[in-house]
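Trainee: Chains A and B are the protein sequences, given in the same order. To convert a position in the first sequence, counted from 1, into the numbering used here, add 51. To convert a position in the second sequence, counted from 1, into the numbering used here, add 51. The C-beta atom is built at its ideal place from N, Cα and C for all residues, glycine as well. Being a predicted model, the structure only gives us computed values, none of them experimental.
Protein chains: 2
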Amino acid sequence: MCGKLTVVSKPSSHQGIAALSDAVAGAAEPLETLVKVDTGLGRVGVAPGAATVDLARSVAAAPWLRFGGVCAHEGFTYGLPDPEERTAAARAGVEALVETAEALSAVGLPAARVSVGATPGINALATMPGVTEIRPGNYVFYDAMQVGLGAAPLDHCALRVLATVVSHAARDRAVIDAGSKTLTTDRGAHGQTTAGSYGVIVGREDIHIERLSEEHGWLRLDPAGSDVEIGDTLEIVPVHACPVANLAHELTVVRDDTVIGRWAVAAAGQVR
Amino acid sequence: MCGKLTVVSKPSSHQGIAALSDAVAGAAEPLETLVKVDTGLGRVGVAPGAATVDLARSVAAAPWLRFGGVCAHEGFTYGLPDPEERTAAARAGVEALVETAEALSAVGLPAARVSVGATPGINALATMPGVTEIRPGNYVFYDAMQVGLGAAPLDHCALRVLATVVSHAARDRAVIDAGSKTLTTDRGAHGQTTAGSYGVIVGREDIHIERLSEEHGWLRLDPAGSDVEIGDTLEIVPVHACPVANLAHELTVVRDDTVIGRWAVAAAGQVR
Numbered sequence: 052m053c054g055k056l057t058v059v060s061k062p063s064s065h066q067g068i069a070a071l072s073d074a075v076a077g078a079a080e081p082l083e084t085l086v087k088v089d090t091g092l093g094r095v096g097v098a099p100g101a102a103t104v105d106l107a108r109s110v111a112a113a114p115w116l117r118f119g120g121v122c123a124h125e126g127f128t129y130g131l132p133d134p135e136e137r138t139a140a141a142r143a144g145v146e147a148l149v150e151t152a153e154a155l156s157a158v159g160l161p162a163a164r165v166s167v168g169a170t171p172g173i174n175a176l177a178t179m180p181g182v183t184e185i186r187p188g189n190y191v192f193y194d195a196m197q198v199g200l201g202a203a204p205l206d207h208c209a210l211r212v213l214a215t216v217v218s219h220a221a222r223d224r225a226v227i228d229a230g231s232k233t234l235t236t237d238r239g240a241h242g243q244t245t246a247g248s249y250g251v252i253v254g255r256e257d258i259h260i261e262r263l264s265e266e267h268g269w270l271r272l273d274p275a276g277s278d279v280e281i282g283d284t285l286e287i288v289p290v291h292a293c294p295v296a297n298l299a300h301e302l303t304v305v306r307d308d309t310v311i312g313r314w315a316v317a318a319a320g321q322v323r
Numbered sequence: 052m053c054g055k056l057t058v059v060s061k062p063s064s065h066q067g068i069a070a071l072s073d074a075v076a077g078a079a080e081p082l083e084t085l086v087k088v089d090t091g092l093g094r095v096g097v098a099p100g101a102a103t104v105d106l107a108r109s110v111a112a113a114p115w116l117r118f119g120g121v122c123a124h125e126g127f128t129y130g131l132p133d134p135e136e137r138t139a140a141a142r143a144g145v146e147a148l149v150e151t152a153e154a155l156s157a158v159g160l161p162a163a164r165v166s167v168g169a170t171p172g173i174n175a176l177a178t179m180p181g182v183t184e185i186r187p188g189n190y191v192f193y194d195a196m197q198v199g200l201g202a203a204p205l206d207h208c209a210l211r212v213l214a215t216v217v218s219h220a221a222r223d224r225a226v227i228d229a230g231s232k233t234l235t236t237d238r239g240a241h242g243q244t245t246a247g248s249y250g251v252i253v254g255r256e257d258i259h260i261e262r263l264s265e266e267h268g269w270l271r272l273d274p275a276g277s278d279v280e281i282g283d284t285l286e287i288v289p290v291h292a293c294p295v296a297n298l299a300h301e302l303t304v305v306r307d308d309t310v311i312g313r314w315a316v317a318a319a320g321q322v323r
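1. So, with DSSP's three-state summary, where would you put Met52(B)?
2. If the cut-off is 8 Å on Cβ atoms, which residues from the segment 56-77 of chain B count as contacting chain A, listed in chain order?
3. Hey, quick one: how far does the alpha helix (DSSP H) through Ile68(B) stretch, first residue to last?
4. For a quick check, are the C-beta atoms of Val110(A) and Asp194(A) less than 8 Å apart?
5. Please return the same chain residues whose Cβ sits closer than 8 Å to the Cβ of Ala177(A), not counting the five positions on each side in sequence.
6. At least one CB of chain B closer than 8 Å to the CB of Asn342(A): is that the case?
7. Going by alpha carbons, who is nearest to Ala78(B) out of Gly282(B), Thr90(B), Gly96(B), Arg117(B)?
8. Please list the residues of the segment 84-109 of chain B that have a C-beta atom closer than 8 Å to any C-beta atom in chain A, keeping them in chain order.
9. Quick one: is Gly312(A) near chain B, going by C-beta distance under 8 Å?
10. Along the chain, where does the beta strand (DSSP E) containing Ala315(B) start, and where does it finish?
11. Could you pull out every unbroken beta strand (DSSP E) segment of at least 3 residues lying fully inside the segment 109-186 of chain A, listed in chain order?
12. My parser needs the alpha helix (DSSP H) runs of 4 or more residues fully inside the segment 206-254 of chain A; what are they?
13. Would you mind telling me which residues of chain A sit closer than 8 Å to His267(B), beta carbon to beta carbon, in chain order?
14. Taking a contact to mean a Cβ-Cβ separation below 8 Å, would you say Ala140(B) touches Gly96(B) in this structure?
15. Take Glu6(A) and list the residues in its own chain whose beta-carbon comes closer than 6 Å to its own, dropping the five residues that flank it on each side.
16. For Asp283(B) and Lys61(A), I'd like the C-alpha separation in whole angstroms.
17. Do Tyr249(A) and Leu234(A) have their CB atoms nearer than 8 Å?
18. Closest by CA to Gly100(A), which one among Gly126(A), Ala152(A), Gly119(A), Ile68(A)?
19. Which class does Gly268(B) belong to by DSSP, given the choice of helix, strand or coil?
20. Please go through the same chain and pick out, in chain order, the residues whose beta-carbon is closer than 8 Å to the beta-carbon of Lys326(A), but skip the five residues on each side of it.
21. Kindly list, in the order they appear in chain B, the residues whose Cβ is closer than 8 Å to that of Thr151(A).
22. Are there three or more Cβ pairs, one per stretch, closer than 8 Å when the segment 113-133 of chain B is compared with the segment 154-165 of chain B?
23. Roughly how many angstroms separate the alpha carbons of Ser218(B) and Met179(A), rounded to a whole number?
24. Going by other Cβ atoms of all chains shown within 10 Å of its Cβ, with 16 needed for buried, is Val310(B) buried or exposed?
25. For Ser264(A) and chain B, any beta-carbon pair shorter than 8 Å?
26. Quick one: what's got a C-beta closer than 6 Å to Thr128(A)'s C-beta in the same chain, skipping five residues either side?
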């Protein structure tokens with residue numbers, strides 16, 4: 052399924068480049084290094100154009116690094132609900148990245164990789180001339196945030212949390228056994244938010260997960276009455292799949308209602 | 052440090068009691084079972100008084116359960132910033148619980164345990180007549196939320212996240228290598244919120260952690276200039292310590308600037 056796994060580093064400052072080169076000093080081969088470019092997210096990365104060329108020169112001059120190209124993350128697409136506006140903004144960012152790659156070629160530093168990525172609108176970027184690599188991440192599962200953005204329909208969302216109704220103490224309130232330690236309090240990435248619920252309950256989109264404690268999810272029911280009962284199993288598409296997968300240590304893999312495997316989440320808790 | 056570890060269950064419905072009794076059928080001894088009482092949080096639990104007595108009778112009649120008393124969680128204290136109002140509300144809830152225990156005694160169902168818990172204001176509850184057990188949880192670490200409530204000073208907060216500044220691409224913005232997979236997007240429990248930051252940076256309370264991506268924390272710096280530099284280590288007291296501990300798989304234990312141990316977080320990822 053995968054090609055060769057390559058370790059790639061992505062510094063965006065002279066200090067980062069120096070630290071990286073020191074860290075791999077003595078390695079058998081130089082570390083492939085891309086310069087991280089800020090194409091509009093305003094998080095990490097340097098401006099396209101001259102600032103990127105300056106850093107690429109620094110990478111090329113570093114003793115234990117090899118300049119491998121440029122990369123960007125169009126995370127700002129999460130904050131743009133209008134599909135046309137989103138596509139236009141993402142394309143503009145990627146155009147700046149491709150132009151920077153051309154400027155690098157012109158000074159003798161060809162960018163073997165021009166790498167872009169962010170799930171919403173990635174389709175519009177994948178075929179742009181000059182792009183050599185895409186890194187959309189959320190698409191592995193999709194989630195309610197992507198549904199809200201129109202990037203995926205609900206039935207394409209592959210990560211589901213099964214929760215049990217454990218309390219129904221008031222007419223308009225029930226409680227499930229999934230709280231922030233399962234669903235996370237994440238309401239959306241990069242400014243995009245999914246209003247009203249901490250997840251979509253499949254087939255019960257009328258019920259909102261209004262509030263989360265650590266081990267409890269508070270359901271807001273129709274005050275006129277609801278057929279939700281203690282013991283019911285609810286299937287939830289989380290708002291943001293990535294941190295939800297990170298909280299689990301094992302995923303149960305289901306195809307056509309049959310359990311076909313269990314996957315360990317090998318990277319859970321490995322942030323150091 | 053600990054007494055005997057006792058497994059106690061806390062149902063709050065007839066269905067829950069029946070399911071619990073079935074689940075432990077055949078056990079060597081009956082399961083000690085407390086009735087969960089809703090003293091004002093409005094999450095799980097039944098109303099104090101007659102509804103609790105009714106459930107206690109159901110527990111006592113269940114073949115594999117033994118009625119052990121009543122318990123409540125005064126989580127609503129998190130939503131009351133005024134200390135006097137908080138204490139008064141918590142006391143009123145606990146008084147209702149104690150009165151319910153008295154009503155249970157009067158019908159021949161003495162409550163061996165009258166158990167209360169919620170870190171803010173627990174001191175006011177611990178000595179109330181009739182209370183036999185307290186379960187404050189957050190006090191093990193404390194956090195910025197408790198500081199905001201006046202329940203603990205910052206230097207009593209024992210859980211710290213060490214993060215490194217990895218980018219400083221704009222005058223008013225730097226980025227650390229701790230995001231929502233480390234600090235969580237949790238802004239406070241039960242309605243209480245800590246405005247303006249995803250954590251308190253010790254000694255740098257002027258710097259706000261304004262936004263989190265999964266692996267990045269966005270620092271808002273003084274636009275007039277800041278001495279924050281790439282490579283700086285920042286010590287962060289998280290907003291809510293509980294989900295932060297749950298995300299780590301190991302805690303490094305420090306006393307007087309010396310590492311004296313490493314604790315595995317045995318329960319991480321064990322929500323099923």
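Mentor: From the atom records:
1. The predicted position of Met52(B) is uncertain, since its pLDDT is 33 and thus under 50; no value can be drawn from it.
2. Cβ contacts with chain A come from Ser63, Ser64, Gln66, Gly67, Ala70.
3. Counting along the chain, the unbroken alpha helix (DSSP H) around Ile68(B) starts and ends at 65-74.
4. Between Val110(A) and Asp194(A), the gap from beta carbon to beta carbon reaches 8 Å or more.
5. Once the five neighbours on either side are set aside, the close Cβ partners of Ala177(A) are Ile185.
6. Here chain A comprises residues numbered 52 to 323, so residue 342(A) is not present and cannot be evaluated.
7. Selected option, being the one with the closest Cα: Arg117(B).
8. Of all residues in the segment 84-109 of chain B, those with a C-beta nearer than 8 Å to a C-beta of chain A are Asp89, Gly93, Arg94, Val95, Gly96, Val97, reading in chain order.
9. Not closer than 8 Å to any Cβ of chain B, the Cβ of Gly312(A) fails to qualify, so no.
10. Its beta strand (DSSP E) spans residues 309-315.
11. As far as the segment 109-186 of chain A is concerned, its whole beta strand (DSSP E) runs of at least 3 residues are 116-122, 164-167.
12. Correct list: empty.
13. Chain A residues near His267(B): Arg94, Val95.
14. It is not a contact, given that the beta carbons lie outside the stated cut-off.
15. Outside the displayed range of chain A (52 to 323) lies residue 6(A), so it cannot be described from this structure.
16. Near 19 Å, if we compare the C-alpha coordinates of Lys61(A) and Asp283(B).
17. Their beta carbons are under 8 Å apart, which means Tyr249(A) touches Leu234(A) by this criterion.
18. Checking every option, the nearest Cα to that of Gly100(A) belongs to Ala152(A).
19. The three-state reading of DSSP puts Gly268(B) in strand, counting E and B together.
20. Nothing about residue 326(A) can be reported from this structure: the residues present for chain A run from 52 to 323 only.
21. Residues of chain B passing the Cβ test: none, with the nearest at roughly 15 Å.
22. When C-beta atoms of the segment 113-133 of chain B are compared with those of the segment 154-165 of chain B, three or more pairs fall below 8 Å, so the two segments count as touching.
23. For Ser218(B) and Met179(A), the distance between alpha carbons rounds to 29 Å.
24. That one is exposed.
25. True, the Cβ-Cβ gap to chain B drops below 8 Å.
26. Arg137, Ala141, Ala169, Pro171, Gly172, listed in sequence order.
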